[in-house]
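Undergrad: Numbering (the numbering used here), first residue to last: 998 to 1273.
Where is the CB? At the ideal position from N, CA and C, for every residue including glycine.
Let me begin by handing over the structure; questions about it come next.
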């Protein structure tokens, strides 16, 4: 299977973002991809909660999701919509950060709500509280496709290896990590974390990412790291998209998963222990 990672630099206007995303999906298909992946918050990247409340929609009404489902069906491809910001019916009014796997007939084959919230203090001037606007998911998701079993995750999840271990031991051969990774933490940790998740689990890691400078809120723009990565089950970086908007291709072979797991069968070597 040829996969394509889309690297985007979205604004806080879903209507403006969608044509760019559709154009890159078509470029990916023209390049032979049968599995296309978009980054986290493909529809809208904003830290302005009031603006998000005006612009975001419930899943059943979201125009980005509807258009991408139609595109997947029209092109006959598998499409991972890395995630969308969506309204929910939760009493506290928080949004969902939801990833979708869309099948070649346009149906939603799997949904995953991001479990781990990015509540961090990168510096005194740069702080994030994702949980103030988004409510965390509670369930890990493994999806079966004709070309492999996919463990679905999103961005900050990558810092929690137990999630990936659970997915791999349940049968995941491909781990997806769509992201809008902060540029400071990305420069320090992005490559290391993604390679570690691949090596630990003998799985492909596919991580389409946002890049560049995004809508300012309170006078400060948000910056994302880019560098969409595809990592082999042996930990080799197969694709690094750098910092430009565009499409990157990688060919997947489950034989490489089997080979890596045969060489180091650590998924079968977990042991219980006491302490500390």
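Which whole-angstrom value describes the C-beta separation of residue 1148 and residue 1139, a residue pair presumed to lie in contact below a C-beta threshold of 8 Å?
TA: Mapped onto the chain shown, residue 1148 falls at position 151. Mapped onto the chain shown, residue 1139 falls at position 142. The Cβ separation is near 6 Å, so the contact holds.
Undergrad: Consult DSSP for residue 1173 and reduce its assignment to one of helix, strand or coil.
TA: The count along the chain shown starts at 1 and reaches residue 1173 at position 176. It is a strand residue.
Undergrad: Quick check on the burial criterion: 16 or more other C-beta atoms within 10 angstroms. Buried or exposed for residue 1293?
TA: Given that the chain is displayed from residue 998 to residue 1273, the structure contains no residue 1293 and the question cannot be resolved.
Undergrad: Buried or exposed for residue 1068, going by 16 or more other Cβ atoms inside 10 Å?
TA: Along the chain shown, one-based indexing puts residue 1068 at 71. That one is buried.
Undergrad: Taking residue 1096 as the reference, give the member of 1108, 1142, 1015, 1086 with the closest Cα.
TA: As a working mapping, residue 1096 is identified with position 99 in the chain shown. Residue 1096 has its Cα closest to that of 1108, out of 1108, 1142, 1015, 1086.
Undergrad: When the distance is taken between beta carbons, is residue 1119 closer than 8 Å to residue 1039?
TA: Along the chain shown, one-based indexing puts residue 1039 at 42. Along the chain shown, one-based indexing puts residue 1119 at 122. No, these two residues do not count as a Cβ contact at 8 Å.
Undergrad: Could you check which residue in 1137, 1202, 1241, 1159 has the C-alpha nearest to that of residue 1209?
TA: On the chain shown, position 212 is the one that residue 1209 refers to. The residue with the shortest Cα to Cα distance from residue 1209 is 1241.
Undergrad: When you compare each of 1204, 1248, 1124, 1263 to residue 1220 by their alpha carbons, which one comes out closest?
TA: In the chain shown, the residue the question calls residue 1220 occupies position 223. Put simply, of 1204, 1248, 1124, 1263 the residue whose alpha carbon is nearest the alpha carbon of residue 1220 is 1124.
Undergrad: In this structure, how does DSSP classify residue 1088 when only helix, strand and coil are distinguished?
TA: The sequence position of residue 1088 within the chain shown is 91, counting from 1. In this structure, residue 1088 counts as coil in the three-state DSSP scheme.
Undergrad: Please classify residue 1159: is it buried, with 16 or more other beta-carbons within 10 angstroms of its beta-carbon, or exposed?
TA: For the purposes of this step, residue 1159 is identified with residue 162 of the chain shown, where counting begins at 1. With fewer than 16 Cβ atoms within 10 Å of its Cβ, residue 1159 is classed as exposed.
Undergrad: Are the Cβ atoms of residue 1028 and residue 1070 separated by less than 8 Å?
TA: One-based indexing of the chain shown puts residue 1028 at position 31. One-based indexing of the chain shown puts residue 1070 at position 73. Not in contact: residue 1028 and residue 1070 (Cβ atoms no closer than 8 Å).
Undergrad: Enumerate in chain order the residues of its own chain whose CB-to-CB distance from residue 1106 is below 7 Å, with the five nearest sequence positions on each side excluded.
TA: Within the chain shown, numbered from 1, the residue matching residue 1106 stands at position 109. Hits under 7 Å: 1098, 1099, 1100, 1140.
Undergrad: Roughly how many angstroms separate the alpha carbons of residue 1060 and residue 1248, rounded to a whole number?
TA: Within the chain shown, residue 1060 is the residue found at index 63, counting from 1. Within the chain shown, residue 1248 is the residue found at index 251, counting from 1. One C-alpha to the other measures close to 30 Å.
Undergrad: Could you give the uninterrupted runs of the beta strand (DSSP E) lying entirely in the region 1118 to 1178, keeping only those of 3 residues or more?
TA: Listed in chain order, they are 1124 to 1126, 1138 to 1142, 1145 to 1149, 1171 to 1173.
Undergrad: Report yes if the C-beta distance between residue 1155 and residue 1199 is below 8 Å; otherwise report no.
TA: Translated into the one-based positions of the chain shown, residue 1155 becomes position 158. Translated into the one-based positions of the chain shown, residue 1199 becomes position 202. It is not a contact, given that the beta carbons lie outside the stated cut-off.
Undergrad: With distances taken between CB atoms, is the gap from residue 1278 to residue 1191 smaller than 8 Å?
TA: A question about residue 1278 goes unanswered here, because the residues of the chain that appear run from 998 up to 1273.
Undergrad: Which of the three DSSP states, helix, strand or coil, is assigned to residue 1074?
TA: Against the chain shown, residue 1074 aligns to sequence position 77. Here residue 1074 sits in coil by DSSP.
Undergrad: Can the beta-carbon of residue 1204 be found less than 8 Å from the beta-carbon of residue 1176?
TA: Numbered from 1 along the chain shown, position 207 holds the residue referred to as residue 1204. Numbered from 1 along the chain shown, position 179 holds the residue referred to as residue 1176. Closer than 8 Å, so yes.
Undergrad: My guess is that residue 1150 and residue 1174 are in contact by the Cβ rule of under 8 Å, so how many angstroms apart are they, rounded?
TA: Numbered from its first residue, the chain shown carries residue 1150 at position 153. Numbered from its first residue, the chain shown carries residue 1174 at position 177. Confirmed, Cβ separation roughly 5 Å.
Undergrad: Span of the alpha helix (DSSP H) holding residue 1259?
TA: Residue mapping note: residue 1259 aligns to position 262 of the chain shown, counting from 1. Its alpha helix (DSSP H) spans residues 1251 to 1260.
Undergrad: Which residue from 1161, 1223, 1186 puts its Cα closest to that of residue 1195?
TA: Numbered from 1 along the chain shown, position 198 holds the residue referred to as residue 1195. Per the Cα distances, 1161.
Undergrad: Report the rounded CA-to-CA distance for residue 1008 versus residue 1243, giving the unit in angstroms.
TA: The residue you call residue 1008 lines up with position 11 of the chain shown. The residue you call residue 1243 lines up with position 246 of the chain shown. Between residue 1008 and residue 1243, the C-alpha separation is close to 16 Å.
Undergrad: Looking at residue 1030: is its Cβ nearer than 8 Å to the Cβ of residue 1178?
TA: Along the chain shown, one-based indexing puts residue 1030 at 33. Along the chain shown, one-based indexing puts residue 1178 at 181. Contact check for residue 1030 against residue 1178 fails: the beta carbons are separated by 8 Å or more.
Undergrad: Let me confirm a value: residue 1006 is counted as buried when at least 16 other C-beta atoms fall within 10 Å, else exposed. Which label applies?
TA: Along the chain shown, one-based indexing puts residue 1006 at 9. So residue 1006 ends up on the buried side.
Undergrad: Are residue 1079 and residue 1111 closer than 8 Å when you measure CB to CB?
TA: Indexing the chain shown from 1 puts residue 1079 at position 82. Indexing the chain shown from 1 puts residue 1111 at position 114. The answer is no: Cβ separation not under 8 Å.
Undergrad: Runs of 4 residues minimum, wholly inside the region 1186 to 1216: which ones carry the alpha helix (DSSP H) assignment?
TA: The region 1186 to 1216 contains these whole alpha helix (DSSP H) runs: 1188 to 1198.
Undergrad: To the nearest angstrom, how far is the alpha carbon of residue 1077 from that of residue 1022?
TA: Taking the chain shown and counting its residues from 1, the one referred to as residue 1077 is at position 80. Taking the chain shown and counting its residues from 1, the one referred to as residue 1022 is at position 25. Each residue's Cα considered, the two are about 11 Å apart.
Undergrad: Quick one: Cα of residue 1003 to Cα of residue 1271, how far?
TA: Locating residue 1003 in the chain shown gives position 6, counting from the first residue. Locating residue 1271 in the chain shown gives position 274, counting from the first residue. Answer to the nearest angstrom: the Cα atoms are 44 Å apart.
Undergrad: Using three-state DSSP, classify residue 1238 as helix, strand or coil.
TA: Taking the first residue of the chain shown as position 1, residue 1238 is located at position 241. It is coil, neither helix nor strand.
Undergrad: Spatial neighbours of residue 1053 within its chain, please: CB distance less than 7 Å, with the 5 preceding and 5 following residues excluded, ordered by chain position.
TA: Numbered from 1 along the chain shown, position 56 holds the residue referred to as residue 1053. Contacts found: 1041, 1082, 1083, 1084, 1092.
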